[in-house]
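These protein sequence lines are chains A and B, in that order.
Using this note's numbering, the first residue of the first sequence is number 462, and each one after it goes up by one.
Using this note's numbering, the first residue of the second sequence is number 761, and each one after it goes up by one.
One structure is given here, and the rest of the page talks about it.
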Amino acid sequence: MRAAAPSVTWTFTRLKLSLLRNGLRQSSGRTAAFVISIVLVLLLGAGQLLGLILLRGSEHAAAGVVPLAALMALGWAVMPVFFPSGDETLDPTRLVMLPLRARRLMPALLIASLVGIGPLFTVLVALGAVLALAHGAAGVVAAVIALPLLVLVCLALARAVAAVNVRLLTSRRGRDLALLSGLVIAVGVQLLNLGVQRLSDAGGLSALEPVADVLAWVPPASAVAAVQSAGEGAYGPALAQVALSAAALAVLLWWWFRSLDRLMTSPDASTVQAVTAREKSRGRTGRKGLTGLLPHSRTGAVMLRTLRYAWRDPKTKVGWASSLGVGILLPAVFAAQGNGSVYNACWVAGLLGIQMYNQFGQDYSGFWLVASTISSARDAYVETRARMLAIALIAVPYVTAVVVAYSLLLGEWQAIPEVLGLALGLLGVLMATGVYTSYRFPYSIPQDSGYKNVAPGQGSLAYLSIFGGMAIGALLCAPLVALTIWLHLSGGHAWLWALLPVGLLYGFSAPALALRGAAPRVAARLPEILTAVSRG
Amino acid sequence: MTLHDPQQQLDATDRRNAAAVRVRGLRKQFGGQVAVDGIDLDVPSGRFVGLVGPNGAGKTTTLSMITGLLRPDSGTVEVAGRDVWRDPVDVKSRIGVLPEGLRLFERLSGRELLGHLGALRGFPRQEAERRTSQLLDTLDLVGAQHKLIVDYSTGMRKKIGLAAALLHNPEVLFLDEPFEGVDPVSAETIRGVLERYTGSGATVVFSSHVMELVESLCEWVAVMAVGSIRAHGPIGEVRGSAGSLHEAFLHLVGANGRGTPGDGLDWLGGGSRSGGAE
Chain A
462 MRAAAPSVTW
472 TFTRLKLSLL
482 RNGLRQSSGR
492 TAAFVISIVL
502 VLLLGAGQLL
512 GLILLRGSEH
522 AAAGVVPLAA
532 LMALGWAVMP
542 VFFPSGDETL
552 DPTRLVMLPL
562 RARRLMPALL
572 IASLVGIGPL
582 FTVLVALGAV
592 LALAHGAAGV
602 VAAVIALPLL
612 VLVCLALARA
622 VAAVNVRLLT
632 SRRGRDLALL
642 SGLVIAVGVQ
652 LLNLGVQRLS
662 DAGGLSALEP
672 VADVLAWVPP
682 ASAVAAVQSA
692 GEGAYGPALA
702 QVALSAAALA
712 VLLWWWFRSL
722 DRLMTSPDAS
732 TVQAVTAREK
742 SRGRTGRKGL
752 TGLLPHSRTG
762 AVMLRTLRYA
772 WRDPKTKVGW
782 ASSLGVGILL
792 PAVFAAQGNG
802 SVYNACWVAG
812 LLGIQMYNQF
822 GQDYSGFWLV
832 ASTISSARDA
842 YVETRARMLA
852 IALIAVPYVT
862 AVVVAYSLLL
872 GEWQAIPEVL
882 GLALGLLGVL
892 MATGVYTSYR
902 FPYSIPQDSG
912 YKNVAPGQGS
922 LAYLSIFGGM
932 AIGALLCAPL
942 VALTIWLHLS
952 GGHAWLWALL
962 PVGLLYGFSA
972 PALALRGAAP
982 RVAARLPEIL
992 TAVSRG
Chain B
761 MTLHDPQQQL
771 DATDRRNAAA
781 VRVRGLRKQF
791 GGQVAVDGID
801 LDVPSGRFVG
811 LVGPNGAGKT
821 TTLSMITGLL
831 RPDSGTVEVA
841 GRDVWRDPVD
851 VKSRIGVLPE
861 GLRLFERLSG
871 RELLGHLGAL
881 RGFPRQEAER
891 RTSQLLDTLD
901 LVGAQHKLIV
911 DYSTGMRKKI
921 GLAAALLHNP
931 EVLFLDEPFE
941 GVDPVSAETI
951 RGVLERYTGS
961 GATVVFSSHV
971 MELVESLCEW
981 VAVMAVGSIR
991 AHGPIGEVRG
1001 SAGSLHEAFL
1011 HLVGANGRGT
1021 PGDGLDWLGG
1031 GSRSGGAE
């Protein structure tokens, strides 16, 4: 490189701006989303800024602010793994062909990182954090140093993580991880929610003090803590805390530099990863475990595949995880709010029952393998039944456990037979309607896009399938519910236990009848189902 | 039809005289566009048969309808003497399919997929495992047998798809573009397996637009263009007086009437390069 070579910082900043602008040009929906999120971020940022400034002077200010800084850094660290599409310049392999050395690329990329909604929010939070703690001249000086330090550590962290994990990010496993991002957000929000609730129960921010004391020495939160220390006149610790964050920044930059340098000078190895350690273990289990327990027949094979998909296919996994998670969380939330009715345990049955919906759509165009091996109504019957059995294998014990645990938690153990009967009846009926909608209204679940769960043009079909099916399911459950209400109203409490056998019978016969009715139609409609599920 | 009894041992010459596939008036329309326009075809059995045609000729649509994956608007298909659309029970166990553009169960490993299909086809575990091992071995997939199919390369995908199509030892094998995107080594492996398979009296129908490949592999070809069959028969007949199948093909699909390709690009190349000045 010649010494006079122009700086590339401005070029990369422009690139980032162009990417942002062109992304918005793609669709008006995206523009709307962008405008809404920028307004939201500004509001939220201003709100927290105000909140943090109000915190000023509170003796627990540091207890709130220091963990906040740490949380923000954590967010930046996981961002490249779960949301790689958030920043198109994150993937360094896109830049390695440029005639640039890592040393020139790094400041440019770091500055370019500042463009975007996320960085804007980060700067606002960092500003609030230091403002909340800066007292006196020394505090202000420390704040002026801490603010850029905190932001830079966050940006460098994201870049370094992206550069080190580039193999993962550009691989299939990386894309699988990105699909789980929705789950990460949901879980994160719930944990945050729970944390805030715990804090308000435990008497405010002071509860965080032990955590904050530790985090005060963990960069980059230590930079924020330094502002507090400086304000209190503890110059020694303040200096140490700033130095700690600065050292962390230096280490991160060096780490980033090393991996960037290696990426730019070593040949592309993206197609060489023939065998990885993880894969060696797969399939060697042979006949142990599930493979050995399930019969070697269509039933066993289809059940095994369904269960394997529940674990290995990211979209199916998200579906299962949300059904299982929400199913247990919902009654718990109701109970926490004081609406603790034992019947809330039926939610879990409802959520697991809809796993049977759009069964063939989950295969995507791989359904041709199923279609080409089904030659009679009997084959279709066995295939569909096996899928249902696989779901029941997880759902029945889970629903039972949730109902029993929840009833015991509420101290209403005598309600167990009744609620269990209702829940299993509902599960069976929903699976039965799932069989029907699976063959009557199949729709494709595109596999290449993480956020599209319906192919273009099939949206109404999907809604019809899910909501129509659920409405019919509710209607079919009406007699069971009516019986429960009647027993309660007519004073037949002594007979409430009878709902268990009735519910079991209901939950067993509804799918059995649905399977018998559906099998010949599945067999007759195979090409139509294949066409529907291969779309997109 | 001579193949009414599946158990009957027919010698190779008998099988050669029967039609493996009999298509009559097959037609499919997507919206306003006719993809396959009423084709009639008798594919002889025990041969290596090529279905050739340019992109969009209707090869994939035709093969999908013949193999029971796409319902035709009208027409009949018989494979090994059974009507595909009226008697699927018998047909599906007699044909093997390798479709183009459709996925496999991507989240199973290669070995798991074959084991799964073996169970779906009703083989006992031992037999399914024996066939699986041999197929993986022959198709050079042993090293990748525990890898998920989603991580397979194009060539490996074609090979595992071929293994899946061969697992139940079908009488007729339909392969849509089996050599598309496949490296020469894998192509040679596939070719070897297919030659051995037809040698035992089975029929292979495959679609392609690589004429050299078709010429070197097939004894019999059908040429498709714009949804209809332009010519069919033993390769020598179809080639006719043309120097190669390639030339005959271009003539048959009407590509020769358009003049020399690139006539409209008079600016392209040496002479007019310097700023457009003549």
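Quick reminder that beta carbons are idealized off the backbone N, C-alpha and C, glycines included.
Please read all numbers here as calculations on a predicted model, not as lab measurements.
In this structure G813 of chain B is buried. Its beta-carbon is surrounded by 16 or more other beta-carbon atoms within 10 angstroms. Following the DSSP letters along the chain, one finds W1027 of chain B in no alpha helix (DSSP H), marked with neither H nor E.
Each of B:F808, B:P832 and B:V837 was checked against the Cα of V781 of chain B, and the nearest Cα belongs to B:V837. Per DSSP, A779 of chain B is one residue of the beta strand (DSSP E) stretching across A779 to F790.
When CB distances to chain B are screened at a threshold of 9 Å, the residues of the segment 976-990 of chain A falling below it are A984, L987, P988 and E989, in chain order. The residue from B:G903, B:G798 and B:T821 with its alpha-carbon nearest to that of R784 of chain B is B:G798. Below the 7 Å Cβ cutoff, chain B contributes R867 as neighbours of D774 of chain A, in chain order.
Per DSSP, P528 of chain A lies in no beta strand (DSSP E); the unbroken alpha helix (DSSP H) holding it starts and ends at A522 to F543. Taking L613 of chain A as the centre and dropping the five residues before and after it, the same chain places the C-beta of L571 and L710 closer than 8 Å to its C-beta, in chain order. With respect to A810 of chain A, A984 of chain A sits apart: the two C-beta atoms are not nearer than 8 Å. For Y904 of chain A, there are no C-beta contacts with chain B under 7 Å, since the nearest C-beta of that chain is about 16 Å from it. Listed along the chain, the chain B residues whose CB falls inside 9 Å of the CB of R633 of chain A are L908, V910 and D911. Interface flag for A879 of chain B against chain A is set, since a Cβ pair is found closer than 8 Å.
Within chain B, the residues placing a beta-carbon under 8 Å from that of T834 of chain A are K852, L877, L880 and R881, ordered along the chain. Shown here, A817 of chain B sits in coil according to DSSP, grouped into three states, outside any helix or strand. By the criterion of at least three beta-carbon pairs nearer than 8 Å, the segment 844-856 of chain B is not in contact with the segment 896-912 of chain B. If the five residues before and after L1005 of chain B are omitted, its C-beta is found closer than 6 Å to the C-beta atoms of M971, E975 and R999, all from its own chain and listed in chain order. Contact with chain A is found for R863 of chain B, since one of that chain's Cβ atoms lies less than 8 Å from the residue's Cβ.
Residue burial annotation: W980 of chain B is buried, with at least 16 other C-beta atoms found within 10 angstroms of its C-beta. Assignment of G490 of chain A by DSSP, reduced to helix, strand and coil, places it in the helix class. Considering only A:A603, A:G525, A:C615 and A:P580, the residue with the shortest C-alpha distance to V672 of chain A is A:G525. According to the DSSP secondary-structure assignment, T963 of chain B is paired through a beta bridge with B:V932.
Distance check between V963 of chain A and each of A:L883, A:L501, A:L516 and A:I789 places A:L883 closest, using alpha-carbon atoms only. For G964 of chain A, the uninterrupted alpha helix (DSSP H) run begins and ends at L960 to A985, by DSSP.
Put simply, the CB of W781 of chain A is far from chain B, with every gap to its CB atoms at 8 Å or more. Nearest Cα to L936 of chain A within the set A:L891, A:G952 and A:A531: A:L891. Here D800 of chain B is exposed, its C-beta having fewer than 16 other C-beta atoms within 10 Å. Within the segment 820-835 of chain B, T827, G828, L829, L830 and R831 place their CB atoms closer than 8 Å to a CB of chain A, listed in sequence order. In terms of Cα proximity to A991 of chain B, the closest of B:L977, B:G1003 and B:H1011 is B:H1011.
Segment contact: the segment 942-959 of chain A against the segment 846-857 of chain A, fewer than three CB-CB distances shorter than 8 Å; contact not assigned.
C-alpha of L864 of chain B to C-alpha of D843 of chain B: approximately 26 Å in a straight line.
Taking the Cβ atoms as the reference, Y900 of chain A lies roughly 15 Å from A923 of chain A, outside the contact range of under 8 Å. Residues of chain A whose Cβ lies closer than 7 Å to the Cβ of P859 of chain B are, in chain order, W829. In the DSSP assignment, Q793 of chain B is bridged to B:F790. Here the segment 968-978 of chain A makes no contact with the segment 986-993 of chain A; the two share fewer than three CB pairs at distances below 8 Å. Restricted to the segment 853-881 of chain B, the alpha helix (DSSP H) segments that are unbroken, complete and at least 4 residues in length are 870-880, listed in chain order.
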